[in-house]
Amino acid sequence: MKNTILYMSLSLALNLSPLAALAQNAATNAAPAAPTPKLEDRVTDLEAYVTNGARQTNAPTALASSPGPGHNAWMMASAALVLFMTLPGLALFYGGLVRRKNVLSVLAQCLGIAGLVTILWVVCGYSIAFHSGKPFWGSLEWKFLNGVDSTPNTDYGGWVSHNVFSMYQLMFAIITPALIIGAIAERMKYSAILLFVTLWMFIVYFPLAHMVWGVDGFMNGVFNKDAGIHAIDFAGGTVVHMSSGWSALILCLLLGKRLGFGREPMPPHSMVLCMVGTGMLWVGWYGFNAGSAVAADVVAANAFMTTTIATAVASFVWPMAEWITRGKPSVLGFCSGAVAGLVVITPACGFVTAKGAMVIGVAAGIVPWFFCLKVKSWFGYDDALDTFGVHAVGGTLGAFMTGMLARTSANSNLTNFLGNYVTNRKFQPLVFEQIKAIGLTLCLAVVGTVLIAYIVKATVGLKVAPEVENSGLDLAEHGEEGYHSEGAL
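Residue 740 in my numbering sits at position 336 of the sequence shown; the count goes up by one each step and never skips.
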């Protein structure tokens, strides 16, 4: 204020206008102009964008705060592909495997889960899973996606918009509980499913996602040097497949068997829908696996390749095993083998070579097949659509084989904090870290599911009434039929 009065006085003495004096004062006190970035700064930043490297701090402000168009485009496409896996991929895959009187119930469950999980994700789920906080739990700083805008969050991707990353991870959160419905198909109340999923997301999924993928997560061995377990999971072997698969087994045991299970045939009502759904899952899975690089870079390219190899090999090996043991290769075998291959390669795809992918493909075609064919009949549990045999067994197998086959030649990020664990040998120390991660994931899924199931049973009940199960869930729970032509149930 004193400076302003002084300048006004001087202006009067010099016959200058007060406004001119104020302008001169402002110019005198203005901050010095920001230095123009040098050409080498611009080139360095451009190279970082192309190679998905660290941002150049001396770059122009507009560039330093914006996402990279190519990486951002790939992640938006990947998010859409992962949603495509659930709607319509998983819905048709599962829908074709149930009896025709229950096909709409599966579609309604997938649709309902998509809406419900999105609400939970926006309110607080994303913040819990990905905000920094504690090794097992994030925080609520990003509730209602507050502060999650189009500028990149460099904790997760230097060239991808934060809101795009959050939507990409939402698609993972949607498909994971949707996988569970395969084990309890044709007999669980719709209200019970929605309540179960709500509680399951908070008790199992959100904490597990933070532990494995959160920047300070307890099991994020790649990017958290202080991780308690130095494990790796590229796209969700533990977070998605183990958690849903083991939860599915416990839930189907607590729920009980379908009426007539083991005494009357319950064949899939449409293998055509099942095959169409399988193809959609396979295509969408490229967003799931290659998209988990969070960039269109060399790691994404490797994940794309290994995903293709392992899936194709497993989709061939499974029906060949059927052909040898049962005399005929079935379309269901081809479909099941493809899904098993996708599941087992998921945690490993960004960390293994083509040779490792071949080995994983063979294992994925044999081990889950054995569990679905033999172990299920030995113990007699009613895992309606083999969610346990494919996802729990496959996810566990994949997590273990990732420890054996991860190679620094496939992903240089393994050298960041895992130099003592990844020694490029079959029984490298990483194997034991993977076993720890498998144990913790299994315990969380099993204990959490038991607790949630009893809460749901005590509130809304778990299983539909026998008359509803006999007539079909489509009419009883949704008032609609999938087909109106004559035909057997």
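Where is the CB? At the ideal position from N, CA and C, for every residue including glycine.
Over the uninterrupted alpha helix (DSSP H) stretch that includes residue i, give me the two end residues.
| i | result |
| --- | --- |
| H882 | 877 to 882 |
| Y530 | 530 to 534 |
| K969 | Outside the shown range of the chain, which is 405 to 893, sits residue 969, and nothing can be said about it. |
| K780 | 780 to 783 |
| S648 | 647 to 659 |
| W686 | 675 to 693 |
| N706 | 702 to 730 |
| C847 | 834 to 863 |
| D360 | Since the displayed the chain opens at 405 and closes at 893, residue 360 lies outside it and no answer follows. |
| Y498 | 495 to 501 |
| L485 | 473 to 488 |
| I770 | 758 to 774 |
| T352 | Missing from the structure shown is residue 352; the chain here goes from 405 to 893 and no further. |
| T750 | Taken as a continuous stretch (DSSP letters only), T750 belongs to no alpha helix (DSSP H), as it is neither H nor E. |
| I607 | No alpha helix (DSSP H) contains I607, which DSSP labels as neither H nor E. |
| V568 | 566 to 584 |
| T819 | 818 to 821 |
| M623 | No alpha helix (DSSP H) holds M623; DSSP gives it neither H nor E. |
| M805 | 797 to 809 |
Would you tell me roughly how many angstroms separate the C-alpha atoms of residue i and residue j, rounded to the nearest one?
| i | j | result |
| --- | --- | --- |
| G632 | S536 | 15 Å |
| K867 | K778 | 27 Å |
| W525 | G542 | 13 Å |
| V454 | A481 | 18 Å |
| I749 | G793 | 15 Å |
| A714 | I764 | 6 Å |
| W782 | K547 | 47 Å |
| D918 | G660 | Nothing in the structure corresponds to residue 918, since the chain is present only between 405 and 893. |
| T522 | T729 | 44 Å |
| M762 | F606 | 36 Å |
| A518 | H614 | 20 Å |
| V502 | A697 | 35 Å |
| A431 | L443 | For A431, the pLDDT reaches just 45, beneath the cut-off of 50, and the residue's location in the model is therefore unreliable, although a value from the coordinates is still provided. Distance between the alpha carbons of A431 and L443 is about 29 Å. |
| G683 | H634 | 35 Å |
| G474 | V527 | 29 Å |
| L508 | M592 | 14 Å |
| G737 | L544 | 45 Å |
| N828 | W604 | 37 Å |
| G621 | G664 | 45 Å |
| G472 | P672 | 46 Å |
| P723 | L658 | 31 Å |
Cβ atoms of residue j and residue i: under 7 Å apart, would you say?
| i | j | result |
| --- | --- | --- |
| A803 | T642 | yes |
| V766 | V703 | no |
| G688 | S719 | no |
| S570 | Y530 | yes |
| N693 | T711 | yes |
| V486 | G681 | no |
| P751 | T806 | yes |
| N476 | S565 | yes |
| D373 | E871 | Because residue 373 is not part of the residues shown, which for the chain are 405 to 893, the question remains open. |
| M646 | I579 | no |
| W686 | A725 | no |
| S595 | V864 | yes |
| A452 | R459 | yes |
| T853 | L583 | no |
| V616 | D637 | yes |
| A699 | M575 | no |
| G876 | N557 | no |
Taking residue i as the reference, give the member of the options with the closest Cα.
| i | options | result |
| --- | --- | --- |
| G516 | H888, H882, Y887, G886 | H882 |
| D701 | M684, W478, V447, K442 | W478 |
| P539 | D630, P723, H475 | D630 |
| Y572 | T729, N874, F534, G823 | F534 |
| H795 | Y594, G472, V743 | V743 |
| R504 | G621, Q513, M670, A484 | M670 |
| V568 | G551, V507, C739 | G551 |
| G823 | V507, G695, F622, F627 | F627 |
| T555 | I532, L612, S470 | S470 |
| S740 | V851, S875, L511, L494 | L494 |
| P581 | G731, L549, V510 | V510 |
| G457 | C514, S816, A577 | S816 |
| I770 | A814, F821, V717, I532 | V717 |
Item to complete: Assess, as a yes-or-no matter, whether the region 587 to 600 is touched by the region 779 to 789 under the definition of 3 or more beta carbon pairs within less than 8 Å.
Response: With a cut-off of 8 Å on Cβ pairs, the region 779 to 789 is in contact with the region 587 to 600, counting three or more such pairs.
Practice prompt. Take every Cβ of the region 489 to 503, pair it with every Cβ of the region 706 to 716, and state whether three or more of those distances are shorter than 8 Å.
Written response: The region 489 to 503 is not in contact with the region 706 to 716.
Worksheet entry | Contact the region 751 to 761 vs the region 793 to 810: 3+ CB pairs below 8 Å | Contact between the region 751 to 761 and the region 793 to 810 is present, because at least three Cβ pairs lie under 8 Å.
Worksheet item: Touch check for the region 843 to 853 and the region 646 to 655: three-plus C-beta pairs under 8 Å?
Response: Three or more beta-carbon pairs drawn from the region 843 to 853 and the region 646 to 655 are found closer than 8 Å, and the two stretches are therefore classed as touching.
Discussion item. Is it the case that the region 592 to 611 contacts the region 845 to 864, given that we only count it when at least three CB pairs across the two stretches are under 8 Å?
Written reply: Flag = yes, the region 845 to 864 and the region 592 to 611 touch.
Discussion item. Pairs of beta-carbons, one from the region 666 to 683 and one from the region 831 to 842, closer than 8 Å: are there three or more?
Written reply: Segments in contact, no.
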